[in-house]
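Novice: For the sequence shown, the numbering used here gives the first residue as 107, with consecutive numbering after it.
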Amino acid sequence: MMAIFQWFDTKEIDEFALSIVAELIKRAPPAGLDAQDERASKRLRNTHHAVFSRAEQFARTHKLNIYRKARLGNQFRWALKEAGYPKAFVETWTYELIALIALKSGPPREPGR
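#1: Buried or exposed for L178, please, with buried defined as at least 16 other CB atoms from any protein chain shown within 10 angstroms of its CB.
#2: Looking only at its own chain, which residues have a Cβ that is under 7 angstroms from the Cβ of T153, when we skip the five neighbours before and after it?
#3: If you pair each beta-carbon of the region 194 to 205 with each one of the region 162 to 171, do three or more pairs fall below 8 angstroms?
#4: Inspect the beta-carbon positions of I119 and Q163 and report whether they are closer than 8 angstroms.
#5: Rounded C-beta distance between R220 and I126? I'm assuming under 8 angstroms.
#6: For the alpha helix (DSSP H) containing G179, list its first residue and its last residue.
#7: Straight-line CA distance for W184 to A176?
#8: Use the C-beta contact count for A85: other C-beta atoms within 10 angstroms, 16 or more gives buried, fewer gives exposed.
#9: With the cut-off set at 8 angstroms, would you say W199 and L186 are in Cβ contact?
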């Protein structure tokens, strides 16, 4: 019976999603996305790498069922929207996050399969 409740326990998922959004906001706030210079572009690339590296590590070290993966994507999406990021940015980063989580959270595969 307890396993069923754990399946739906999303406290850790919610905290993680909010923490990576907070890091994103700190490193690349929505207002700074309009800048078209090389420095802003590099900062966004570095931020993307940092956020997605954390997400990959989280996916590798936590059991994520389909419900928890969906919850992570939704929490991330809504937090980005609430922070004021443009719709295209929100959709792209959310899609990338969900794809990464889906790829990295599965059981370890044998090489060549």
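Backbone N, C-alpha and C fix where the C-beta goes; we use that ideal spot for every residue, glycine too.
Specialist: So, from the data block:
#1: What you label residue 178 is simply residue 72 of the sequence shown in a count that begins at 1. L178 should be labelled buried.
#2: Along the sequence shown, read from residue 1 onward, the residue named residue 153 stands at position 47. Excluding positions up to five away in sequence, the list reads L130, R133, A134.
#3: no
#4: Locating residue 119 in the sequence shown gives position 13, where the first residue counts as 1. Locating residue 163 in the sequence shown gives position 57, where the first residue counts as 1. Not a contact, by the Cβ cut-off of 8 angstroms.
#5: Only positions 107 to 219 of the chain appear in this structure, which leaves residue 220 out of reach.
#6: The residue labelled residue 179 in the question sits at position 73 within the sequence shown. Element bounds for G179: 172 to 189.
#7: By 1-based counting over the sequence shown, the position of residue 184 is 78. By 1-based counting over the sequence shown, the position of residue 176 is 70. Approximately 12 angstroms, taken between the alpha carbons.
#8: One cannot answer for residue 85 here, as it falls past the ends of the chain, which runs 107 to 219.
#9: Here residue 199 refers to the residue found at position 93 when the sequence shown is read from its first residue. Here residue 186 refers to the residue found at position 80 when the sequence shown is read from its first residue. Yes, Cβ-Cβ distance for W199 and L186 is below 8 angstroms.
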